[in-house]
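**Q** If you're matching them up, the sequences are chains X and V in order. This note's numbering numbers the first residue of the first sequence as 26 and each following residue consecutively. This note's numbering numbers the first residue of the second sequence as 26 and each following residue consecutively. Glycine residues also receive a C-beta, built at the ideal position from the N, C-alpha and C atoms.
Protein chains: 2
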Amino acid sequence: MEFNITESIQILTKTPSVISNLLKDLPETWIKTNEGVDTWSPYDVVGHLIHGEKTDWIPRALIILGENEDKAFVPFDRFAQLKNSSSRTLKQLLAEFEELRTENIQKLQALSIDEQTLERKGIHPEFGEVTLKQLLATWVVHDLGHINQITRVMAKNYKIEVGPWTKYLAILRDKK
Amino acid sequence: MEFNITESIQILTKTPSVISNLLKDLPETWIKTNEGVDTWSPYDVVGHLIHGEKTDWIPRALIILGENEDKAFVPFDRFAQLKNSSSRTLKQLLAEFEELRTENIQKLQALSIDEQTLERKGIHPEFGEVTLKQLLATWVVHDLGHINQITRVMAKNYKIEVGPWTKYLAILRDKK
Chain X
26 MEFNITESIQ
36 ILTKTPSVIS
46 NLLKDLPETW
56 IKTNEGVDTW
66 SPYDVVGHLI
76 HGEKTDWIPR
86 ALIILGENED
96 KAFVPFDRFA
106 QLKNSSSRTL
116 KQLLAEFEEL
126 RTENIQKLQA
136 LSIDEQTLER
146 KGIHPEFGEV
156 TLKQLLATWV
166 VHDLGHINQI
176 TRVMAKNYKI
186 EVGPWTKYLA
196 ILRDKK
Chain V
26 MEFNITESIQ
36 ILTKTPSVIS
46 NLLKDLPETW
56 IKTNEGVDTW
66 SPYDVVGHLI
76 HGEKTDWIPR
86 ALIILGENED
96 KAFVPFDRFA
106 QLKNSSSRTL
116 KQLLAEFEEL
126 RTENIQKLQA
136 LSIDEQTLER
146 KGIHPEFGEV
156 TLKQLLATWV
166 VHDLGHINQI
176 TRVMAKNYKI
186 EVGPWTKYLA
196 ILRDKK
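1. Could you tell me the alpha carbon to alpha carbon distance between residue 129/X and residue 88/X, rounded to whole angstroms?
2. Are there 16 or more other CB atoms within 10 angstroms of the CB of residue 174/X, so buried, or fewer, so exposed?
3. Would you please state the rounded distance, in angstroms, between the beta carbons of residue 191/X and residue 184/X? I believe it to be under 8 Å.
4. Beta carbon of residue 37/X, beta carbon of residue 85/X: below 8 Å?
5. For residue 145/X and residue 102/X, I'd like the C-alpha separation in whole angstroms.
6. Assuming residue 158/X is part of the alpha helix (DSSP H), what are its boundary residues?
7. Evaluate the contact criterion for the stretch 127-142 of chain V versus the stretch 149-157 of chain X: three or more CB pairs, one atom per stretch, below 8 Å.
8. Between the Cα of residue 45/X and the Cα atoms of 162/V, 132/V and 39/V, which residue gives the shortest distance?
9. Whole-angstrom Cβ separation of residue 195/V and residue 170/X, contact assumed at under 8 Å?
10. Alpha carbons only, please: which of 105/X, 149/X and 114/X is nearest the one belonging to residue 95/X?
11. Can you confirm whether residue 99/X, when its beta carbon is compared against all beta carbons of chain V, has any partner nearer than 8 Å?
12. Taking DSSP as the reference, what is the three-state secondary structure of residue 128/V?
13. Closest Cβ-Cβ distance between residue 76/X and chain V: below 8 Å?
14. Can you name the residues of chain X whose CB is closer than 8 Å to the CB of residue 203/V?
15. From what residue to what residue does the beta strand (DSSP E) around residue 34/V run?
16. Would a check of beta-carbon distances place residue 120/X closer than 8 Å to chain V?
17. Mind checking if residue 159/V is an interface residue toward chain X, Cβ cutoff 8 Å exclusive?
18. So, residue 76/X versus residue 65/X, is the Cβ gap smaller than 8 Å?
19. With a CB to CB cut of under 8 Å and the five nearest residues on each side skipped, what residues in its chain are close to residue 119/V?
20. Which whole-angstrom value is the C-beta distance of residue 166/X and residue 51/V, which I expect to be below 8 Å?
21. Just checking: is the beta-carbon of residue 199/X within a distance shorter than 8 Å of some beta-carbon in chain V?
22. Does the Cβ-Cβ distance between residue 199/X and residue 199/V come in under 8 Å?
23. Using a C-beta to C-beta distance shorter than 7 Å, which residues of chain V count as neighbours of residue 87/X?
24. Quick one: which chain X residues come within Cβ less than 9 Å of residue 96/V?
25. Where does residue 151/X land, buried or exposed, given buried means 16+ other C-beta within 10 angstroms?
26. Can you grab the Cα-Cα spacing for the pair residue 105/V / residue 180/X, in whole Å?
27. What's the call for residue 33/X, buried or exposed, on a 16-neighbour Cβ count within 10 Å?
28. Expressed to the nearest angstrom, what Euclidean distance is found between the alpha-carbon atoms of residue 80/X and residue 141/X?
29. So, does the CB of residue 90/V fall closer than 8 Å to a CB anywhere in chain X?
30. Can you give me, in chain order, the residues of the stretch 39-56 of chain V that have a beta carbon less than 8 Å from any beta carbon in chain X?
31. Threshold first: 3 residues or longer. Then list the beta strand (DSSP E) segments lying entirely within the stretch 78-155 of chain V, N to C.
32. Using a cut-off of 7 Å between C-beta atoms, extract the partners of residue 73/V located in chain X.
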C-alpha cells in the first residue's frame, strides 16, 4: 500500500482514544506490569508516546520543511520516559498525550502536504537521508506498534490462568 | 497475576469500542488487506469475534454451570467467518459484535461467579478437563490477541513506506 496523508492522519487521530479506551479505569496492576527486566508497562508506553509528540514527529517534519539549511534531526531518546520516574497518574498522561496529539495533527494539517512535499528530506542521525513520507509512515506504524505492545503486555498477565489454551494463544509467546 | 472476574469483565466490555475506534471510517483497503495466504484481514477478525460470541464463550460457560451432566463442549470453528463470505459492511459487523458482547456480559454477570464456581469444569474436545476460570481467562487473552493482530495487519500496510525505520519497528517483522 502506498502512503496516503489523509488516511495516515485518520489513524494518528484515533490513537489517543484507542489507548485511553484500552487502559482507562483498569487497576494499577494492569497498568504497571511489564514483560520483565528492561521491558515497558502500558504506563511506560504512554510516557514514551508523549515524548515522541514533544521531540520526534512534528519537530522533525518542521526540520525537513523549514528554512534552515541544516536538516539534521536531533537524536530521539527512546527511553526518556524511564528516566523521569513520574508521579503522574495514567489519567494525566493520557490527557497530555491526547492534547499533544491534537495540537500536532493541527500542525501537520497546516503544512498542506502534497506529493512533492512528501519527497523532501532530512538527515537521520543513523540512517542519513530520509524523506518526510518515510517519517510520517513511521509515525503511523509506531502508533500501531505500541497499541500492539500494550495488548501483548496485558495478555501476558493471564499467561498461567489460561491453562492448556496457551497452545492457541500466540500472543502469549510473542517476544518483547 | 491471578484471574479476577471484575477486572476481566472490565476488559471484555472495552473490546468492541476499542476495535470500533481502531477501524471505523477507514477506507476499504485498510479493512480488507491481510498478511498473505491463509491470514485474516481486520474485517475477518471481527467476523471471527462475532462467531465466538455466538458459539464459544458464554455457551461453554453455560455447559460448565448448567444442570446437564454431559459437560462436553461443542468444538469451536475458528474459521467459520471465512466460509460465509459476507456481504455485510464492517459497520454492520461492529454493531453486531457490540450488541452480542453486551448481551454476553449481562449473561456472565447474571451467573454471579465466585471462587468456587470458577473451579467447575467442562470437557474441551482436545484438552479434556478445563475450568471455568481458564475459559474466562482465555476469553480475555483472545480479545487482546485479536486487537494485537488487527494493529499488526494494519501496520504492515506501510512496511515499504517506512524505509530504513523498519529496523526499529518490530511489529513489521512479527509473524501471523
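**A** In short:
1. Taking the first sequence and counting its residues from 1, the one referred to as residue 129/X is at position 104. Taking the first sequence and counting its residues from 1, the one referred to as residue 88/X is at position 63. Approximately 14 Å, taken between the alpha carbons.
2. To locate residue 174/X, count along the first sequence from 1; it is residue 149. Classification of residue 174/X: buried, given that the 10 Å Cβ count is 16 or more.
3. Along the first sequence, one-based indexing puts residue 191/X at 166. Along the first sequence, one-based indexing puts residue 184/X at 159. The C-beta separation of residue 191/X from residue 184/X comes to about 7 Å, placing the pair in contact by the 8 Å criterion.
4. Numbered from its first residue, the first sequence carries residue 37/X at position 12. Numbered from its first residue, the first sequence carries residue 85/X at position 60. Contact annotation: residue 37/X and residue 85/X have beta-carbon atoms that are not nearer than 8 Å.
5. By one-based count along the first sequence, residue 145/X stands at place 120. By one-based count along the first sequence, residue 102/X stands at place 77. In a straight line, the C-alpha of residue 145/X is about 24 Å away from that of residue 102/X.
6. By 1-based counting over the first sequence, the position of residue 158/X is 133. Start and end: 157-180.
7. No, the stretch 127-142 of chain V does not touch the stretch 149-157 of chain X.
8. Position 20 of the first sequence, counted from the start, is the residue given in the question as residue 45/X. Minimum Cα distance to residue 45/X is reached at 39/V.
9. The residue you call residue 195/V lines up with position 170 of the second sequence. The residue you call residue 170/X lines up with position 145 of the first sequence. Rounded, the Cβ-Cβ distance is 7 Å, consistent with contact.
10. Along the first sequence, one-based indexing puts residue 95/X at 70. Of 105/X, 149/X and 114/X, the residue nearest in Cα terms is 149/X.
11. Start at 1 with the first residue of the first sequence, and residue 99/X comes out as number 74. No - not a single Cβ of chain V is within 8 Å of the one on residue 99/X.
12. Within the second sequence, the letter at position 103 stands for residue 128/V. In the structure shown, residue 128/V sits in a helix (DSSP, three-state: H, G or I).
13. If you number the first sequence from 1, residue 76/X lands on position 51. Not an interface residue.
14. This structure cannot settle anything about residue 203/V, because the visible part of chain V is limited to 26 through 201.
15. In the second sequence, residue 34/V corresponds to position 9, counting from 1. Residue 34/V -> not in any beta strand (DSSP E); alpha helix (DSSP H) instead, spanning 30-48.
16. Sequence index remark: in the first sequence, residue 120/X carries index 95 (1-based). Closer than 8 Å: no.
17. Residue 159/V sits at position 134 when you count from the first residue of the second sequence. Closer than 8 Å: yes.
18. Taking the first residue of the first sequence as position 1, residue 76/X is located at position 51. Taking the first residue of the first sequence as position 1, residue 65/X is located at position 40. Not closer than 8 Å, so no.
19. Translated into the one-based positions of the second sequence, residue 119/V becomes position 94. Excluding positions up to five away in sequence, the list reads 41, 44, 45, 48, 49 and 71.
20. Indexing the first sequence from 1 puts residue 166/X at position 141. Indexing the second sequence from 1 puts residue 51/V at position 26. The distance from the Cβ of residue 166/X to that of residue 51/V is about 15 Å, inconsistent with a contact at the 8 Å cut-off.
21. On the first sequence, residue 199/X is found 174 positions in, with the first residue counted as 1. By this cut-off, residue 199/X is an interface position.
22. Counted from its first residue, the first sequence places residue 199/X at position 174. Counted from its first residue, the second sequence places residue 199/V at position 174. Their beta carbons are under 8 Å apart, which means residue 199/X touches residue 199/V by this criterion.
23. Position 62 of the first sequence, counting from 1, holds the residue named residue 87/X. Those within 7 Å of residue 87/X in chain V number zero; the least Cβ separation is about 18 Å.
24. Indexing the second sequence from 1 puts residue 96/V at position 71. In chain order: nothing, as chain X lies at least about 16 Å away.
25. Within the first sequence, residue 151/X is the residue found at index 126, counting from 1. It is exposed - the Cβ of residue 151/X has fewer than 16 other Cβ atoms within 10 Å.
26. Reading the second sequence from its first residue, position 80 is the one you call residue 105/V. Reading the first sequence from its first residue, position 155 is the one you call residue 180/X. Going from the Cα of residue 105/V to the Cα of residue 180/X covers about 24 Å.
27. As a working note, residue 33/X is residue 8 in the first sequence. So residue 33/X counts as buried.
28. Walking along the first sequence from the start, residue 80/X turns up at place 55. Walking along the first sequence from the start, residue 141/X turns up at place 116. Cα to Cα, the separation comes out at about 25 Å.
29. Position 65 of the second sequence, counting from 1, holds the residue named residue 90/V. Residue-level contact by beta carbon fails for residue 90/V and chain X, as no gap is shorter than 8 Å.
30. 39, 42, 43, 46, 47, 50, 51, 52, 54 and 55
31. 146-149
32. Here residue 73/V refers to the residue found at position 48 of the second sequence. Here the premise fails: no neighbours, minimum Cβ distance about 12 Å.
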